[in-house]
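Just so we're aligned: 1 in full-length UniProt numbering is position 1 of the sequence shown, and the numbers increase by one with no gaps anywhere.
Notes to accompany the following structure.
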Amino acid sequence: MDGSAPSTMVQAYMIDKSKGRMRIRSKVVLASAVVIVCIAVGTITVHYLEKLDWVDSFYLAVTSVTTVGYGDFAFTTLTGRCFAIIWLLVSTLAVARAFLYLTELRIDRRNRRIAKWVLQKKMTLGDLVAADLDNDGSIR
């Protein structure tokens, strides 16, 4: 067994070769990991730049990343504010992307369920007539 076998297995699991794109579950996991990394980076940076304890740093990071921001903690140092400009932009976009992929996963599951229902349904002549929306005698 060569050294590329594990990476090939991971790639096969993450990428749908028939469609040539990443699987939705992999997107959700990666986007969630990015959000967790953003919160961790924010927590560590706020702890050292703003001199807050770990719990308050984590609280500030989570409320800022999720755009809740109650206002009870704020960036007070110049370096903290400069960091916050970039960090909040990146982390807010990461949270938005995670929600986008979660929504995509939910819609994909619903579409699969509907397609399965439609394919298992017995079609009647009445269903075919109802499918002719423009009444031209054909279904397109």
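Each residue gets a CB set at the ideal place from its N, CA and C atoms; glycine is no exception.
Take alanine 31, set aside five residues on each side of it, and the residues of its chain with a beta-carbon closer than 6 Å to its own are Arg97, Ala98, Tyr101, in chain order. Nearest C-alpha to valine 28 among Ile139, Leu105, Arg113: Leu105. For leucine 60, the secondary structure class from DSSP, reduced to helix, strand or coil, is helix. Cβ atoms of threonine 63 and glycine 69 come within 8 Å of each other, at about 5 Å.
CA-to-CA, the gap between threonine 92 and tryptophan 54 works out to about 21 Å.
Contact check for valine 41 and leucine 60: beta-carbon distance about 13 Å, past the 8 Å limit, so the pair fails to qualify. Judged by DSSP secondary structure, asparagine 135 falls outside any alpha helix (DSSP H); it is assigned neither H nor E.
Contact check for alanine 84 against valine 35 fails: the beta carbons are separated by 8 Å or more. The region 104-128 contains no complete beta strand (DSSP E) run of 3 or more residues. Leucine 88 and valine 65 have their alpha carbons spaced roughly 6 Å apart. Cα atoms of leucine 52 and arginine 81: separation of roughly 14 Å, rounded to the nearest angstrom. Of the candidates Asp132, Asp134, Val90, the residue whose Cα lies closest to the Cα of cysteine 38 is Val90. Where glycine 71 is concerned, there is no enclosing alpha helix (DSSP H), because DSSP gives it neither an H nor an E.
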